[in-house]
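Have a look at the structure below before the remarks.
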Amino acid sequence: MTWMDKLEKRLGFLAVHGLLRYVAALNAVVFLLYKWDPRYLTLIDLDPNAIRHGEVWRLVTYIFIPQLGGFGTPDWFNAAFFVFFLIWVGDRLEQEWGSFKLNLYFIIGMVGTTIAAFFFGARFSNSMLISSLFFAFARSSLPTSCL
């Protein structure tokens, strides 16, 4: 029994089933709020200076800012694609790894992103965490003969 199995046996009841579905839904809500008032994103991004001044909600809320890429203002198509992509990748990873391991992966990614933001003293986004989910998905969906 590996340490991960032992950890899952002890703390597995804490796992949120469908975690990335909730993250995707909140990304959609944040996109709608952004369309209503673009200044909204400055209230929830990961800004170490603001966190030091008591705005601790930013430690979690930056995860819900959709990464829409592209140039100019984000449009509805990009937002819908991002949300559905996050749901698709999240469902497949949860099916492959299980809820507990996906939750642990995501939480460790959030903690790492937060530490990096404080270490470098810059505003960070969730784009690297979302990218790492895609790469984890690509890695886990490979047939075992390719490994």
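What the sequence shown shows, in the numbering used here, is residues 651 to 797, in sequence order. Idealized CB from N, CA, C, for every residue including glycine.
Among the options, the one whose alpha carbon lies nearest that of residue i
i: A766; options: Y672, M654 and P698; result: P698
i: Q717; options: N753, A772 and L676; result: L676
i: S749; options: L661, V761, A674 and W653; result: L661
i: G668; options: F768, Q745 and A729; result: Q745
i: A700; options: A772, V733 and M654; result: A772
i: R689; options: F770, K659 and I715; result: I715
i: F768; options: F731, N728, R702 and V710; result: R702
i: Y755; options: S782, F731 and K656; result: S782
i: M654; options: A730, W747 and L693; result: W747
i: V761; options: W686, K656 and R708; result: R708
i: S790; options: D741, F731 and G759; result: D741
i: I757; options: A730, F731, V710 and F727; result: V710
Sub-7 Å separation of residue i and residue j beta-carbons
i: L696; j: F784; result: no
i: Y712; j: N753; result: no
i: V739; j: F681; result: no
i: L670; j: L736; result: yes
i: T763; j: L779; result: yes
i: V863; j: A674; result: Because the chain spans 651 through 797 in this model, residue 863 falls outside it and cannot be assessed.
Residue i beta carbon near the ligand COA (any heavy atom closer than 6 Å)
i: V679; result: Here there are no bound small molecules, and the ligand COA is not part of this structure.
Which complete alpha helix (DSSP H) runs does the stretch 747-796 hold, if anything under 4 residues is left out? When DSSP assignments are scanned along the stretch 747-796, the uninterrupted stretches of alpha helix (DSSP H) that are 4 or more residues long and fall wholly within it turn out to be 749-770 and 777-790.
Runs of alpha helix (DSSP H) wholly within the stretch 653-738 (minimum 4 residues, chain order): Fully enclosed alpha helix (DSSP H) runs of no fewer than 4 residues occupy 653-661, 669-686, 691-694, 698-702 and 708-711 of the stretch 653-738, in order along the chain.
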